[in-house]
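Chains as they are written, first to last, in the numbering used here: chain A, 121 to 326; chain B, 121 to 326.
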DNA sequence: CAATACTAGAGAGTGATGCTATCTAATGCA
DNA sequence: TGCATTAGATAGCATCACTCTCTAGTATTG
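Right, here's the structure in full:
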């Protein structure tokens with residue numbers, strides 16, 4: 121497959137495909153001469169992945185590149201790789217100063233209430249802290265009750281996810297990293313729909 | 121409070137506050153002369169809200185403006201207002217062509233499986249369709265089993281949310297619209313943490 | 001074999017976005 | 001009196017995700 125066929129197969133402008141090549145998001149094809157290279161299905165799949173990550177998931181190209189690099193070359197430690205993937209996901213939060221004895225008090229309290237491990241080195245801990253601080257600043261603080269409710273349900277979802285994780289380590293990393301990122305828009309859409317459904321039923325009941 | 125005090129109170133550069141004023145995200149203060157106006161707590165709160173929406177929630181200023189306009193001036197129909205709020209939230213999806221008899225097949229199937237109302241006019245339906253199409257294209261399709269699992273848990277969260285909705289209509293709209301948008305980063309952070317927690321426990325168990 | 005189409009690779013240009021800086025004329029405050 | 005501050009307008013800037021253009025070489029087709 122030549123590059124124009126690849127662009128067609130992915131439904132993208134040729135210039136965009138070239139751009140992804142230049143930016144290192146898409147691996148190059150096999151060069152057959154100074155001005156020719158051939159591409160295959162793996163390139164089509166990769167382009168679809170790039171569009172999924174930069175589109176619905178809302179990653180910048182730099183973030184997408186980091187995620188894709190992890191999928192391409194995951195360590196054998198699922199836990200560490202997952203941590204690195206989460207660091208690449210938005211929102212990007214400023215690092216805590218090293219000398220702060222308790223940099224994430226809200227997140228710590230939340231995780232304690234949930235009975236989950238609190239480890240300040242996790243990016244998601246900083247993300248949770250910043251999200252909680254932010255809703256607080258906006259005047260809609262989250263009660264511990266609500267946090268526990270959310271946390272419990274999401275933990276059930278996480279259990280479900282991990283139960284279905286492939287056994288083979290490489291596949292497991294890919295599943296977990298991509299599943300975390302790619303399924304997020306689905307989750308948000310489902311919550312919005314659930315809100316509307318519940319609201320509609322209440323409206324009718326009035 | 122003068123504008124410089126407002127900027128200090130919100131922790132923002134003066135130029136940025138002026139910018140939000142210009143762009144209509146922040147209501148102007150009460151003019152006391154040709155070159156003076158006074159601002160109050162409502163302006164501080166609004167600035168915090170703007171930062172929450174454009175920061176962690178990841179809205180563009182245009183999207184934030186739409187959400188804030190709904191909060192400022194909600195209709196008395198909670199259901200319709202919520203619908204308009206969801207339209208303003210990312211991801212923005214292309215409108216379906218009017219003559220397509222079944223524009224959102226994946227979303228329709230999902231909602232039927234969940235026993236929720238399917239109404240193609242909802243923005244969240246289009247968002248769900250696009251999210252599902254996108255994970256499918258990326259090679260990680262979502263099984264109906266998973267969809268039902270996710271949907272059920274999120275519906276429980278939505279029920280929880282709506283049970284705590286204020287009675288007064290104006291407050292109810294604000295609560296629902298802002299709660300939908302502002303709590304999303306919290307939900308995502310909690311899921312990521314749950315993934316890590318579950319993964320860590322499995323790793324140890326091996 | 002000649003004309004045309006296509007390609008790799010690189011550089012520059014583009015439009016949107018979210019600020020940030022500068023300027024002017026007027027006013028406040030010490 | 002004089003320095004600081006303000007409203008309001010305009011212009012500038014950095015980033016991002018493309019998009020266009022160009023060159024030199026290669027493939028294809030009639």
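Glycine included, every Cβ here is placed at the ideal spot set by N, Cα and C.
is_contact[residue 322 of chain A, chain B] using C-beta, thresh 8 angstroms: Taking the first chain and counting its residues from 1, one reaches residue 322 of chain A at position 202. Judged by the 8 angstroms Cβ criterion, residue 322 of chain A is in contact with chain B.
Determine, using beta carbons only, whether residue 319 of chain B comes closer than 8 angstroms to chain A. Position 199 of the second chain, counted from the start, is the residue given in the question as residue 319 of chain B. Interface residue, yes.
Can we count residue 234 of chain A as close to the ligand NAD, meaning its CB is less than 7 angstroms from some heavy atom? This structure does not include the ligand NAD; it has no bound ligands of any sort.
Which of helix, strand or coil does DSSP assign to residue 155 of chain A? Translated into the one-based positions of the first chain, residue 155 of chain A becomes position 35. Secondary structure of residue 155 of chain A (DSSP, three-state): coil.
Just the chain B side, please: which residues come within less than 8 angstroms of residue 172 of chain A by C-beta, in chain order? Taking the first chain and counting its residues from 1, the one referred to as residue 172 of chain A is at position 52. For the C-beta of residue 172 of chain A, the chain B residues within less than 8 angstroms are, from N- to C-terminus, 254, 255, 257, 258.
Would you decide whether residue 142 of chain B is buried or exposed? Buried here means 16 or more other CB atoms lie within 10 Å of its CB. Position 22 of the second chain holds residue 142 of chain B. Flag for residue 142 of chain B reads exposed.
If contact means a Cβ-Cβ distance below 9 angstroms, which residues of the region 134-146 of chain B contact chain A? none
Per DSSP, what kind of secondary structure is residue 150 of chain A in: helix, strand or coil? Taking the first residue of the first chain as position 1, residue 150 of chain A is located at position 30. DSSP places residue 150 of chain A in strand when its eight states are reduced to three.
Could you have a look at residue 131 of chain A and say whether DSSP puts it in helix, strand or coil? Position 11 of the first chain, counted from the start, is the residue given in the question as residue 131 of chain A. Residue 131 of chain A falls in the coil class under three-state DSSP.
With distances taken from CA atoms, which of B:299, B:176, B:206, B:127 is nearest residue 263 of chain A? As a working note, residue 263 of chain A is residue 143 in the first chain. Among B:299, B:176, B:206, B:127, the Cα nearest to that of residue 263 of chain A is on B:299.
Mind pulling the chain A residues with CB within less than 9 angstroms of residue 212 of chain B? The sequence position of residue 212 of chain B within the second chain is 92, counting from 1. Under the 9 angstroms cutoff, chain A gives no residues; its nearest Cβ is about 10 angstroms from residue 212 of chain B.
Residue 253 of chain B versus residue 311 of chain B: straight-line alpha-carbon distance, rounded: For the purposes of this step, residue 253 of chain B is identified with residue 133 of the second chain, where counting begins at 1. For the purposes of this step, residue 311 of chain B is identified with residue 191 of the second chain, where counting begins at 1. Roughly 22 angstroms between the two C-alpha positions.
DSSP-derived helix/strand/coil call for residue 296 of chain B: Sequence index remark: in the second chain, residue 296 of chain B carries index 176 (1-based). Helix, per DSSP.
Could you check whether the region 130-149 of chain B touches the region 304-324 of chain B, counting it as contact only if at least three pairs of C-beta atoms, one from each stretch, sit closer than 8 angstroms? no
Which residues in the same chain as residue 161 of chain A place their Cβ atom closer than 7 angstroms to its Cβ, once the five residues preceding and following it in sequence are excluded? As a first step, residue 161 of chain A must be located in the first chain, where it is residue number 41. No residues qualify anywhere along the chain.
Of the residues A:267, A:295, A:203, A:245, which one's Cα is nearest the Cα of residue 233 of chain A? One-based indexing of the first chain puts residue 233 of chain A at position 113. It is A:267.
Look at the Cβ atom of residue 292 of chain A, then the Cβ atom of residue 187 of chain A, and state whether they are nearer than 8 angstroms. Numbered from 1 along the first chain, position 172 holds the residue referred to as residue 292 of chain A. Numbered from 1 along the first chain, position 67 holds the residue referred to as residue 187 of chain A. No.
Rounded straight-line distance, which links the Cα of residue 137 of chain A to that of residue 135 of chain B: The count along the second chain starts at 1 and reaches residue 135 of chain B at position 15. The count along the first chain starts at 1 and reaches residue 137 of chain A at position 17. For residue 135 of chain B and residue 137 of chain A, the distance between alpha carbons rounds to 39 angstroms.
Using the Cα positions of residue 323 of chain B and residue 237 of chain A, report the straight-line distance between them to the nearest angstrom. As a working note, residue 323 of chain B is residue 203 in the second chain. As a working note, residue 237 of chain A is residue 117 in the first chain. The straight-line gap from Cα to Cα measures roughly 14 angstroms.
How is residue 242 of chain B classed by DSSP in three states: helix, strand or coil? In the second chain, counting from the first residue as 1, residue 242 of chain B sits at position 122. In this structure, residue 242 of chain B counts as coil in the three-state DSSP scheme.
Could you name the residues of chain B that residue 277 of chain A contacts, counting a contact when the two beta carbons are closer than 8 angstroms? Position 157 of the first chain, counting from 1, holds the residue named residue 277 of chain A. Within 8 angstroms Cβ-Cβ: 269, 270, 273, 311, 314.
Can you name the residues of chain A whose CB is closer than 7 angstroms to the CB of residue 250 of chain B? The residue labelled residue 250 of chain B in the question sits at position 130 within the second chain. Within chain A, 176 have C-beta atoms less than 7 angstroms from the C-beta of residue 250 of chain B, given in sequence order.
Leaving out five residues on either side along the sequence, give the residues of the same chain with a beta carbon under 7 angstroms from the beta carbon of residue 297 of chain B. Here residue 297 of chain B refers to the residue found at position 177 of the second chain. Contacts found: 187, 190, 191, 201, 202, 205.
Determine, using beta carbons only, whether residue 281 of chain A comes closer than 8 angstroms to chain B. By 1-based counting over the first chain, the position of residue 281 of chain A is 161. For residue 281 of chain A, the answer is yes, since a Cβ of chain B falls inside 8 angstroms of its Cβ.
Tell me which residues share the same chain as residue 281 of chain A and place their Cβ nearer than 7 angstroms to its Cβ, disregarding the 5 neighbours each side in the sequence. Here residue 281 of chain A refers to the residue found at position 161 when the first chain is read from its first residue. Closer than 7 angstroms at the Cβ level, and outside the excluded window around residue 281 of chain A, lie 299.
Straight-line gap, residue 248 of chain B to residue 121 of chain B (C-alpha atoms, nearest Å): For the purposes of this step, residue 248 of chain B is taken as the residue at position 128 of the second chain. For the purposes of this step, residue 121 of chain B is taken as the residue at position 1 of the second chain. Distance between residue 248 of chain B and residue 121 of chain B, taken at the CA atoms: about 45 angstroms.
Of all the residues that make up the region 290-312 of chain B, which are near chain A by a beta-carbon distance shorter than 8 angstroms? 295, 296, 298, 299, 300, 302, 303, 304, 305, 306, 307, 308, 309, 310, 311, 312
Quick check on DSSP: helix, strand or coil for residue 235 of chain A? Counting from 1 along the first chain, the entry for residue 235 of chain A is found at position 115. Residue 235 of chain A: coil per DSSP, three-state reduction.
With distances taken between CB atoms, is the gap from residue 172 of chain B to residue 207 of chain B smaller than 8 angstroms? Counted from its first residue, the second chain places residue 172 of chain B at position 52. Counted from its first residue, the second chain places residue 207 of chain B at position 87. Not in contact: residue 172 of chain B and residue 207 of chain B (Cβ atoms no closer than 8 angstroms).
At which residues does the alpha helix (DSSP H) containing residue 314 of chain B begin and terminate? In the second chain, residue 314 of chain B corresponds to position 194, counting from 1. Segment 304-325, the alpha helix (DSSP H) holding residue 314 of chain B.
Are the C-beta atoms of residue 198 of chain B and some chain A residue less than 8 angstroms apart? Here residue 198 of chain B refers to the residue found at position 78 when the second chain is read from its first residue. So yes, residue 198 of chain B belongs to the interface.
Buried or exposed for residue 315 of chain A, please, with buried defined as at least 16 other CB atoms from any protein chain shown within 10 angstroms of its CB. Position 195 of the first chain, counting from 1, holds the residue named residue 315 of chain A. Counting Cβ neighbours within 10 Å, residue 315 of chain A comes out buried, since at least 16 surround it.
Any beta carbon of chain B sitting closer than 8 angstroms to that of residue 165 of chain A? By 1-based counting over the first chain, the position of residue 165 of chain A is 45. Yes - at least one Cβ of chain B is within 8 angstroms of the one on residue 165 of chain A.
Of all the CB atoms in chain A, is at least one closer than 8 angstroms to the CB of residue 195 of chain B? As a first step, residue 195 of chain B must be located in the second chain, where it is residue number 75. Not a single C-beta of chain A is nearer than 8 angstroms to the C-beta of residue 195 of chain B.
For residue 258 of chain A, tell me which candidate among B:156, B:295, B:220, B:318 has the shortest Cα-Cα distance. In the first chain, residue 258 of chain A corresponds to position 138, counting from 1. With distances taken between Cα atoms, residue 258 of chain A lies closest to B:295.
Residue of B:277, B:164, B:174, B:150 minimising C-alpha distance to residue 127 of chain B: If you number the second chain from 1, residue 127 of chain B lands on position 7. It is B:164 whose Cα lies nearest to the Cα of residue 127 of chain B.
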